[in-house]
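S.K.: One structure, as structure tokens, below. Some questions next.
Structure representation (structure tokens):
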């Protein structure tokens, strides 16, 4: 596989991006294509590894889209930005996947406008992994689309199921609809209509799932609109970090603290490893004609290395092609055209 990496995106670029790429290239036969300011990347390589592994290639991209820039405007103005050049490598067949820790909006916009949406997919979706005691739960959408309709949620469910099965290796993934109760009649208009369509979609749909049930791993894939998903994942990540910080501070209190820390450290380390977000690497933008992986803006070398691994696995599994096959096999569940979607949305609003 050939993985294009936006070396200039993220709070720690290019240092941590380059180091993560070297770490991956040193343990894989894949080609890693670092895209960005070549002189800066070369300096980072020399500082860290003295010499570049044979399977790392540098591609020049002198511009950077900053976090605060409007994605669509920046894409038009900065044709030589690192995320644009890296995405174009995938579009042109020179790379099999792209990874970026830069602006999420710019990464998604580049994927949608440069790669294009898969035929039949109305809106691409961005998932996130919620770590539980028994494995990750894939929650989508977490921000690619603030507004969604029932047909969108069915497509999110199908795309999430494909990724979970073929990349996360979850057999027959259980799909849940995030709601305020388990009963079919629970929720707002979107939730009730989505439940009906998901139940008839031929997926392994287990019904409504409440937020606390995600932590219990009742479902492998949970779908919701991007507004709700973004709130949920940010609260979950913030709460997890708070709990670990509070535990660590409490264990430091009192005269017996050193002994307590020594005794509890193995268990604490195991618990921390179970909720290690860096191990997941990044999330794919599902529904575009190519593999585009979004990783955290504060990602360091280890997380970048894992994001490249996820990109390679998704490309190897042919995730976009499998989603395209699903749309062809389920014509009644795919993009219905602009007029019918507007009419359906107006009908729901009037109801």
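In this note's numbering, the protein residues as written are 17 to 367. Ideal Cβ positions, reconstructed from N, Cα and C, are used throughout, including at glycine.
1) Flag residue 184 as yes if its beta-carbon sits less than 8 Å from any beta-carbon of chain D, otherwise no.
2) If you count every other CB in all the chains shown that lies within 10 Å of the CB of residue 171, and 16 or more means buried, which is it?
3) Using the rule of at least 16 other Cβ atoms within 10 Å of the residue's Cβ for burial, across every protein chain shown, is residue 275 buried or exposed?
4) In chain order, what residues of the same chain have a beta carbon less than 7 Å from the beta carbon of residue 235, not counting five sequence neighbours either side?
5) Using C-beta distances below 8 Å, list every residue in its chain close to residue 148, excluding the 5 sequence neighbours before and after it, in chain order.
6) Does the Cβ-Cβ distance between residue 96 and residue 317 come in under 8 Å?
7) Tell me the DSSP bridge mates of residue 47?
8) Would you kindly work out how many angstroms separate the C-alpha atoms of residue 366 and residue 166, rounded to a whole number?
9) Tell me which residue opens and which closes the beta strand (DSSP E) that residue 152 is part of.
10) Give me the residue from 218, 228, 186 and 242 with the minimum Cα distance to residue 197.
11) Tell me the rounded alpha-carbon separation between residue 332 and residue 343.
12) Taking the beta strand (DSSP E) that residue 222 falls in, what are its first and last residues?
13) State buried or exposed for residue 87, treating a residue as buried only when at least 16 other CB atoms are found within 10 Å of its CB.
14) Pick from 315, 347 and 307: whose alpha carbon is nearest that of residue 132?
M.R.: Looking at the coordinates:
1) In the structure shown, chain D cannot be found, because there is only a single protein chain.
2) buried
3) exposed
4) 153, 190, 191, 192, 222 and 225
5) 230, 231, 232 and 233
6) no
7) 18
8) With a pLDDT of 47 at residue 366, under the threshold of 50, the predicted position of this residue should be treated as unreliable, though the coordinate-derived value follows. So the alpha carbons of these two residues sit roughly 16 Å apart.
9) 151 to 156
10) 228
11) 20 Å
12) 221 to 225
13) buried
14) 307
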